[in-house]
Amino acid sequence: MIGGRMSNESFITLFMIGVLVVLFGVSCVIVPRFYLPRNMINLLTNNWYIIMLGIGVTFLLITGNFDMSVGGVIAMTGVLSVWFCQDATASQNALAVGLGLPYGVAIALALLCAMGIGAINAFFIARLKVPSIIITLGTMMIARGVAQIVAQGAQRNTSLPDVFGVLGGLTIPGMSVKLSVLVMAVLIVAAFVFEKKTVAGRRTYLIGANSVAARLSGVNVRRHLTSLFIISSLLAGITGILLSSEFKAGGASRAMGYEFDALVISLLGGVSIAGGFGSVLGMFVGAVILSVVTSAATGLLLSPDWQFTIKGVVTFIAILAQRFALDKRKG
Amino acid sequence: MELTDNVLEIRDLVKDFPSVRAVNRVSFDIKRNTVHCLVGENGAGKSTLIKILTGATTRSGGSILLNGEAYTPHSTRDAKQHGISTLFQELNVVDQLTVEENLTLGMEDTTLGFLRKTDKINTMVNVMKSLEPSITPRQLVSTLSVAKKQIVEIAKAVATESDIIIMDEPTAAISESEIKRLFAIIKSLREKNVTVIYISHRLDEIFELGDYVTVMRDGKHIDTKPVSEIKDRSELVKMMIGKTVFEQYTPKEGECKDAILQVCNLSNHKLRDISFEVHEGEIIGFYGLVGAGKTELARAIYGVDPYEGEILFRGKKLPPFPDKVIAAGIALVPEERRSQGLFTILTIRGNVPVMNMRKISRNGFINAGQERKVTLDYIDKLRISTSSMEKEASKLSGGNQQKVVLAKCLFADADLLMLDEPTRGIDVGAKSEIYGIIRQLSKEGKSIMIFSSELPEVVNICDTIYLLYDGRMKATLRNGCDIDSEKILHIVTGGNVTSAADYRGSGDGGE
Amino acid sequence: MNSAKEYTLRTQLERSNAVRSNIKKLYIYVVLVLIVAVFSVVKLGQVEFFGRGHFLSPDSIINLLRSAVPILTLSGAFTLLMISGYIDLSVGSAMSLSAVVFALMILNGFPFIFALPITLVLGVAFGFINGLLVMKLRITPVIATLVTLNLFKGIALLIVPHGLSAIKGSAARPMPAWINDYARTEVVLGLPWAFFVAVLIIAVLIIIQKRTILGKYAAAIGGNRTAAELSGINAVKLVWLLYIIVGFFAALAGMARASYMSLGDPLSGDGMELDCIIAVLLGGTAFSGGEGSVAKTIVGALIIVCLTTGLMTVIPAFWQTMAKGSVLIAAVVLNHLLVREKASA
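Note that the protein sequences, when read in sequence, are chains H, P and Z.
For the first sequence, the working numbering begins at -13 and goes up steadily by one.
For the second sequence, the working numbering begins at 831 and goes up steadily by one.
For the third sequence, the working numbering begins at 165 and goes up steadily by one.
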């Protein structure tokens, strides 16, 4: 039966969808008022920013690399985008004075800085072959460090041009769906198409499956990894800009721990650090699973402090469950 | 316990694989405290025999007596505990530790965990020093040359009272003077109550080192004799090749066209001053045994390893990067299919189109229909037996895996195809299919370079055959004249090229 | 390549190797001296040498050493683990959780001779879990220890009562003053017990690394696991043991932190794993394992502590993260230049 059998990846994605359905069902039963349309939409959309990060993180995980710098990049671009277009007139409050650039220029520049972080990551990881976990933790601190310095440990949120809050506040007429969520949706679809249908997407899997064979088959591994790291940082930068627009402020402590969340949803979605295996669709499912679990926890009046334990336990169970399911499948 | 005369007695040993009987009722004895050489061409069954002795694989039939007792090892560690140590190609020393620490690894004397300096260490160091006095016990193994690392491994095996040390092509990576030293050490092992099983293609080494030699061919035991009773090289060579029937070679029609690849004075860590040309539509063969430099040559041309010298492809300098080499029109089927050629966790469909995505895509978007069509095409053309193109590559048999790798490279539409051991581990039927494909490609004007350690394969299809030994190109043969396989084997095992007759293959050649 | 050329190439290589290994042995001491020197002169306009407020004043040195206690306690064991080629990113959270539990026990009237062993057993449990995940279940060390990082952190946060930021004393129920006895109360030369315990631990670990079978086998496994296992070494058991040891010392470090601060802060250990990694990298341990030195890691740890405390007086607090990130990157670069990683398969 040529062309038949479902791939392992689709199997795991379906498996996690099954897990999601079960978890959702259980939550509906034990958590009051869980089964509300508004709640369900929220489940899909309220961690749009983690999903944005998840795209880059997933692709890098598929190649066998981590990117833990994304949280710091969000903070950095957020603060920089504010600073760049804050009014340049001198003032008592240093945090109210910026570079006075036009909004468009400001965000372009901030995004450029984000890509700079990606380039640094790529240099050390693709070129010097330093382990990705170490370097991206370092660049995470550097990016966050920039945010902290420019915002002096606090926030920048004054003397902003009016146009600043537009992007974050925009909603689709008729629905209460934010522009950010739309951007996320579009990017997820684009990422899925990229992964399944483009040559570049295929190369990502090749590198993860066997980087030696990939090189011998003509893939320029170094160039490809560099692109992926820059894209990941760019996505984080876009997220940072949208978030700072939404809050009309750039804060030094924004997005703490987001990089770990992005990692968690990828792992929940079945992406394997061993490389060559996983899907952004799975990552999306993983994001919804995380949403359901944290939302149920909130609904059960568990304090927000539970999230760390929950994330740890859920990730652990997911890794083992996926391994078990795949082993059973291989028979 | 009385020590038997024979340290090892092998009786009717059989090893079957799904498609071939690799070891076919082999029986012979290995006398204690001798250097016993094992020779035979590739595929003769030597490696499988050794794998059985070292516990890396289980036998299908027959028996082995070690020191008079039945012997069935379950693992390499098990074999080691029974007294059989092996010197592998991948050195099993820890570079970051000192010589002394490596020697005592796993056998330290301790008090409450503290390493003690005992006589045992001195004994082992003395064994080491008696083998190679220039190695100091306190130096880091990472500072030693490959040859000296080997000696450290030998010392450890001796000091742990191994009865047998198996050495598989130990001279492949070391220099002439180091070889001399190694031989002196090996000879001295006999006085230390150690039997050495020595595997090598370099026949001169057999004569210099061996007390006994066992010749295997096609999985069968041919003969075991004292080396002193063998007259000369050619007698040994005759035993090794027996009656090899070569398929009829059809000479090329038409004129030789332009040179598509020109290699001048190529040298690197392994290769020495290699020069040759490949013409359009030509099939070139590089024949040599293990360690001759075939793979190194392929890798250098492909841009994977650095080199000195000049390589011109279509008159232009070939950039030393695999992706650029492929773009220029050269494709390589690598030697190790599982680790270098195949994406084992991907499906057949995921593997085949990889080297020429442009052909199944437009503007960067893959055309799934074309991808499937192409994959099915190659499954059909190469007769890859599978129930589905969605089958994971790791689940295919060795022969089918190789076909997938071949399909991958064929799809690259290269003008020059390099095949490194293309039919290793493939059954006879599939082999001739592949040869047919190669001939067809040549007719279409493609050039092919085959790197192989199987002489019949090379003689079967190649127009020109280059003989390699120790990184050097020793001789060139134009196919079509009678091939004297004895003379060829003589050259690739290190013999000297003495006359012009060696170059052409003499009139009385072959069988 | 003819033999004359080979010969000159080889002697050049040997010479550069010799220079390289000399640099390798000494650079870290040079760095430490430089850093101390820089901080000693940076405020000379305002304060006197060795006087009040100066980096090398007695008060300052004591303060520095006291705050160095946790990393000094922990980084030796961390080095051993990294020598074997494995990593533990959960040490910070393990430390926090131990601090929380310890403070909780003290606050509730447990005497020291109960609180101490219970905390340490907890640390052993942490290490056991990590070892189980990594060695038995064969989950990648980075992911496995990130999972336990969150697990331990989560449990610590849950123990601390809602509304409070840490386990601490209040007017109604004060924290017993003797909690400071371990890590704050001055014993000799103005330094607390914890410091001397840390020194003892360092000495013991240096001896373990250089003179015992544990140290040798860790290096063997990190250097060439196949060769080690062929020689009969049980890598699973040994690395598991190393994880347990790391957990044990993480708990001890947490206890020291709680003792010093008189409270159990569930976030007190955050970032400790990064500090340990920087110390280890500065100390010249290869990331893939096989070689490394506890002694040099300790020097690296001192460098970090000097940098952190020194920078605090010179730059505003919100420059700290940038500084630490730059130090990490610098340590990576240094490590890359000086340590030859073993070739990957």
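Think of the CB as a built atom: it goes at the ideal place given N, C-alpha and C, for glycine as much as any other residue.
Nothing here was measured: the structure is a model prediction, and the numbers come from that model.
Subject >> Neighbourhood of I894 of chain P by C-beta, 6 Å cutoff - its chain only, sequence neighbours within 5 removed >> reply: Position 64 of the second sequence, counting from 1, holds the residue named residue 894 of chain P. Excluding residues up to 5 positions away in sequence, I840, Y901 lie with their Cβ nearer than 6 Å to the Cβ of I894 of chain P in the same chain.
Original post:
Between N836 of chain P and the rest of its own chain, which residues show a CB-CB distance below 7 Å, the 5 nearest in sequence each way excluded?
Top reply: Your numbering for residue 836 of chain P matches position 6 in the second sequence. If we look at N836 of chain P and ignore the five residues flanking it on each side, its Cβ neighbours are D859, I860, K861, R862.
**OP:** Ignore the nearest five residues each way along the sequence and tell me which others in L253 of chain Z's own chain have a CB closer than 7 Å to its CB.
**Re:** Residue mapping note: residue 253 of chain Z aligns to position 89 of the third sequence, counting from 1. Its chain contains V306, T309, L310, L313, E437 as the residues whose beta carbon lies nearer than 7 Å to that of L253 of chain Z, once the 5 sequence neighbours on both sides are disregarded; these appear in chain order.
Subject >> Any chain Z beta carbon closer than 8 Å to F944 of chain P >> reply: Locating residue 944 of chain P in the second sequence gives position 114, where the first residue counts as 1. So, interface residue.
**OP:** For the alpha helix (DSSP H) containing H1099 of chain P, list its first residue and its last residue.
**Re:** Here residue 1099 of chain P is taken as the residue at index 269 of the second sequence, counted from 1. No alpha helix (DSSP H) holds H1099 of chain P; DSSP gives it neither H nor E.
Original post:
Can you tell me whether W34 of chain H is buried or exposed, with buried defined as 16 or more other CB within 10 angstroms of its CB?
Top reply: In the first sequence, counting from the first residue as 1, residue 34 of chain H sits at position 48. By the 10 Å Cβ count, W34 of chain H comes out buried.
Original post:
Closest Cβ-Cβ distance between L123 of chain H and chain Z: below 8 Å?
Top reply: Your numbering for residue 123 of chain H matches position 137 in the first sequence. With a threshold of 8 Å between beta carbons, L123 of chain H makes contact with chain Z.
**OP:** For chain H, find out if any of its Cβ atoms is closer than 8 Å to the Cβ of Q1232 of chain P; answer yes or no.
**Re:** One-based indexing of the second sequence puts residue 1232 of chain P at position 402. Not an interface residue.
**OP:** Consider the C-beta atom of F1 of chain H and the heavy atoms of the ligand NAP; say whether any pair is separated by less than 7 Å.
**Re:** This structure simply doesn't include the ligand NAP, nor any ligand for that matter.
Subject >> Pairwise C-alpha distance: G273 of chain Z and A320 of chain Z >> reply: Against the third sequence, residue 320 of chain Z aligns to sequence position 156. Against the third sequence, residue 273 of chain Z aligns to sequence position 109. The alpha-carbon of A320 of chain Z is positioned some 20 Å away from that of G273 of chain Z.
Original post:
What alpha helix (DSSP H) runs, 4 residues minimum, are completely inside the stretch 240 to 283 of chain Z?
Top reply: As summarised for the stretch 240 to 283 of chain Z, the continuous alpha helix (DSSP H) elements at least 4 residues long and confined to that stretch are 255 to 271, given in chain order.
Original post:
Sorted by chain position, which residues of the same chain lie with C-beta nearer than 6 Å to L1212 of chain P's C-beta, five sequence neighbours on each side aside?
Top reply: In the second sequence, counting from the first residue as 1, residue 1212 of chain P sits at position 382. The answer, listed in chain order, is K1233, A1237.
Subject >> For E983 of chain P, the first and last residue of its enclosing alpha helix (DSSP H) >> reply: Translated into the one-based positions of the second sequence, residue 983 of chain P becomes position 153. It spans 976 to 989 - the alpha helix (DSSP H) in which E983 of chain P sits, taken as one unbroken run.
Original post:
Quick one: which chain P residues come within Cβ less than 8 Å of F270 of chain H?
Top reply: Against the first sequence, residue 270 of chain H aligns to sequence position 284. Neighbours of F270 of chain H on chain P: none; closest Cβ ~22 Å, over 8 Å.
Original post:
With 16 as the cutoff for other CB atoms within 10 Å, does G(-11) of chain H come out buried or exposed?
Top reply: For the purposes of this step, residue -11 of chain H is taken as the residue at position 3 of the first sequence. The pLDDT assigned to G(-11) of chain H is 35, lower than 50, so where the model puts this residue is not dependable; a value taken from the coordinates is nonetheless given after this. Around the CB of G(-11) of chain H, fewer than 16 other CB atoms lie within 10 Å, so the residue is classed as exposed.
Original post:
Ends of the beta strand (DSSP E) at A852 of chain P?
Top reply: The count along the second sequence starts at 1 and reaches residue 852 of chain P at position 22. Bounds of the beta strand (DSSP E) holding A852 of chain P are 851 to 861.
Subject >> Minimum Cβ-Cβ distance from T295 of chain H to chain Z less than 8 Å >> reply: Locating residue 295 of chain H in the first sequence gives position 309, where the first residue counts as 1. Under the Cβ criterion of 8 Å, T295 of chain H is counted among the residues facing chain Z.
Subject >> Sequence-distant residues of the same chain with beta carbon closer than 6 Å to T1044 of chain P, five excluded per side >> reply: Looking up residue 1044 of chain P in the second sequence gives position 214. Hits under 6 Å: F858, L868, T1054.
Original post:
Name the chain P residues whose beta carbon is nearer than 7 Å to that of A186 of chain H?
Top reply: Numbered from its first residue, the first sequence carries residue 186 of chain H at position 200. In chain order: G1194.
Original post:
Between G226 of chain H and I1280 of chain P, what straight-line distance do the alpha-carbon atoms span, to the nearest angstrom?
Top reply: Counted from its first residue, the first sequence places residue 226 of chain H at position 240. Counted from its first residue, the second sequence places residue 1280 of chain P at position 450. Between the alpha carbons of G226 of chain H and I1280 of chain P lies a distance of about 55 Å.
Original post:
In angstroms, rounded to a whole number, what distance separates the CA positions of Y191 of chain H and I493 of chain Z?
Top reply: Indexing the first sequence from 1 puts residue 191 of chain H at position 205. Indexing the third sequence from 1 puts residue 493 of chain Z at position 329. Distance from the CA of Y191 of chain H to the CA of I493 of chain Z, rounded to the nearest whole angstrom, comes to 29 Å.
**OP:** Tell me whether W113 of chain Z is buried or exposed, calling it buried when 16 or more other Cβ atoms sit within 10 Å of its Cβ.
**Re:** Past the boundaries of the shown model lies residue 113 of chain Z; chain Z is included only from 165 to 509, so the question cannot be answered.
Original post:
Is the shortest distance between the beta-carbon of A112 of chain H and the beta-carbons of chain P less than 8 Å?
Top reply: By one-based count along the first sequence, residue 112 of chain H stands at place 126. Cβ-Cβ to chain P under 8 Å: no for A112 of chain H.
Original post:
Based on the DSSP output, what are the partners of R841 of chain P in its beta bridges?
Top reply: One-based indexing of the second sequence puts residue 841 of chain P at position 11. When DSSP reads this structure, R841 of chain P sits in a beta bridge with P:S893.
Subject >> Under the three-state DSSP convention, the category H866 of chain P falls into >> reply: On the second sequence, position 36 is the one that residue 866 of chain P refers to. For H866 of chain P, the three-state secondary structure derived from DSSP is strand.
Original post:
When DSSP labels each residue in this structure, what does I479 of chain Z get in the three-state scheme?
Top reply: Walking along the third sequence from the start, residue 479 of chain Z turns up at place 315. Residue state, collapsed to three classes: coil.
**OP:** Taking all protein chains shown into account, decide if V1322 of chain P is buried (16 or more other Cβ within 10 angstroms of its Cβ) or exposed.
**Re:** By 1-based counting over the second sequence, the position of residue 1322 of chain P is 492. When all chains shown are included, V1322 of chain P counts as buried.
**OP:** Report all residues from its chain with a CB closer than 8 Å to the CB of R851 of chain P; omit the five preceding and five following residues, and keep chain order.
**Re:** Numbered from its first residue, the second sequence carries residue 851 of chain P at position 21. Counting only Cβ-Cβ distances below 8 Å, and skipping sequence neighbours, we find V844, K845, G1049.
**OP:** Check whether the stretch 969 to 976 of chain P touches the stretch 417 to 431 of chain Z, counting contact only when three or more Cβ pairs, one atom from each stretch, lie closer than 8 Å.
**Re:** Note that the stretch 969 to 976 of chain P does not touch the stretch 417 to 431 of chain Z; fewer than 3 beta-carbon pairs, one per stretch, sit closer than 8 Å.
Subject >> Beta-bridge partners of I1278 of chain P, as assigned by DSSP >> reply: For the purposes of this step, residue 1278 of chain P is taken as residue 448 along the second sequence, with counting starting at 1. According to DSSP, which records beta bridges pairwise, I1278 of chain P is partnered with P:I1113, P:L1247.
Original post:
Using a beta-carbon distance below 8 Å, is A195 of chain H in contact with chain P?
Top reply: Along the first sequence, read from residue 1 onward, the residue named residue 195 of chain H stands at position 209. A195 of chain H has a beta carbon lying within less than 8 Å of a beta carbon in chain P.
**OP:** Pick helix, strand or coil for T284 of chain H, following the three-state DSSP scheme.
**Re:** For the purposes of this step, residue 284 of chain H is taken as the residue at position 298 of the first sequence. The answer is helix: DSSP assigns T284 of chain H an H, G or I state.
Original post:
Which class does K1203 of chain P belong to by DSSP, given the choice of helix, strand or coil?
Top reply: Here residue 1203 of chain P corresponds to residue number 373 of the second sequence, with the count starting at 1. K1203 of chain P: helix per DSSP, three-state reduction.
Original post:
Got a sec, what are the start and stop residues for the beta strand (DSSP E) K1344 of chain P sits in?
Top reply: No information on residue 1344 of chain P is available, as it lies outside the stretch 831 to 1341 that chain P covers here.
Subject >> Which of helix, strand or coil DSSP assigns to M937 of chain P >> reply: If you number the second sequence from 1, residue 937 of chain P lands on position 107. Collapsing the DSSP output to three states places M937 of chain P in coil.
Original post:
If A248 of chain H sits next to I36 of chain H, beta carbons under 8 Å apart, how far is it from one beta carbon to the other, in whole angstroms?
Top reply: In the first sequence, counting from the first residue as 1, residue 248 of chain H sits at position 262. In the first sequence, counting from the first residue as 1, residue 36 of chain H sits at position 50. About 6 Å; that satisfies the 8 Å criterion.
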